[in-house]
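Some notes on the structure that comes next.
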């Protein structure tokens, strides 16, 4: 959480312990991803599955500066038309041929990404980077149904950009590239992209997984759900059967196989060690 600390994003409880937040999660994960070799980071962030609306055209070859929470003032040409004076995207990664802006939210499965916010940040970045490199936005977490909601999110962002630009943006909506990934899928994408015969990459992946779990991100299906999937529907359909899934280590009615005990499981969205 180094960058969260450096940028004053950490908050503390009465005992002086840092509170877990959206910013601490963003810092914890992307600090470590930034340590990856350029080709691995590029493979993760530009995997076509993250960009369903429009797959990337080619790939960058090198990674440049990585900036957490840049604070940008509004372009003077539109400052009078908005109430806010600045924007602060969560992360900017400069590549040799493009700019990637990341806007991260805390929780998977919630609707907390906003088209106006993405448009404001994109428009400010468009005026900040004037060398012609295209600007893409990767929304991390904050959608319930990405397949449907990502299109709606992009439409809202384009409507906002049309209003901000006073017609200047109307003839190039195709230049607004928007992708999405949940925290869990980002972890799985990272695991797939790394070389598991490299101890240092395994250690980094373990750190990323631990950071996500500590922030309440579920990386795998709970083991009781896996066990339920082994049971015939005729048994699960029994109204009394559901009582046997309240504790992960109790077998369902009629189950004859071997049930494993969960040594680690999730409860109320948090990770708990049963000891």
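In the working numbering, the protein residues as written are 1 to 275.
Heads up, the beta-carbon is just placed ideally off N, CA and C, and yes, glycines get one too.
Where residue 53 sits in the DSSP three-state scheme: Taking the chain shown and counting its residues from 1, one reaches residue 53 at position 53. In the structure shown, residue 53 sits in coil (DSSP, three-state: anything other than H, G, I, E or B).
Distance CB(residue 69)-CB(residue 94) smaller than 8 Å: Position 69 of the chain shown, counted from the first residue, corresponds to residue 69. Position 94 of the chain shown, counted from the first residue, corresponds to residue 94. No.
Alpha carbons only, please: which of 186, 74, 217 and 114 is nearest the one belonging to residue 30? By one-based count along the chain shown, residue 30 stands at place 30. Among 186, 74, 217 and 114, the Cα nearest to that of residue 30 belongs to 186.
Locate the beta strand (DSSP E) running through residue 177, then write down its first and last residues. For the purposes of this step, residue 177 is taken as the residue at position 177 of the chain shown. Note, residue 177: beta strand (DSSP E), 177-181.
Which term fits residue 60, buried or exposed, when burial requires 16 or more other beta carbons within 10 angstroms of its beta carbon? Translated into the one-based positions of the chain shown, residue 60 becomes position 60. Buried, since its Cβ has 16 or more Cβ neighbours within 10 Å.
Within this structure, are the beta carbons of residue 164 and residue 142 separated by less than 8 Å? Along the chain shown, read from residue 1 onward, the residue named residue 164 stands at position 164. Along the chain shown, read from residue 1 onward, the residue named residue 142 stands at position 142. In this structure, residue 142 does not lie closer than 8 Å to residue 164 by Cβ.
Take residue 54 as the anchor and find which of 177, 200, 195 and 199 has the nearest alpha-carbon. Within the chain shown, numbered from 1, the residue matching residue 54 stands at position 54. Looking at the Cα atoms, 177 is the closest of the given residues.
Flag this pair as touching only if the region 145-160 and the region 201-213 have three or more C-beta atom pairs under 8 Å; answer yes or no. no
To the nearest angstrom, report how far apart residue 50 and residue 208 are at their CA atoms. In the chain shown, counting from the first residue as 1, residue 50 sits at position 50. In the chain shown, counting from the first residue as 1, residue 208 sits at position 208. Whole-angstrom Cα-Cα distance: 19 Å.
Keeping to the same chain, check which residues put their C-beta closer than 8 Å to that of residue 122; ignore five residues upstream and five downstream. Stepping through the chain shown from its first residue, residue 122 is reached at position 122. Same-chain partners within the cutoff: 101, 135, 137, 157, 161 and 176.
Look at residue 103 and residue 125 and say whether their C-beta atoms are less than 8 Å apart. For the purposes of this step, residue 103 is taken as the residue at position 103 of the chain shown. For the purposes of this step, residue 125 is taken as the residue at position 125 of the chain shown. No; because the gap between Cβ atoms is not below 8 Å, this pair is not in contact.
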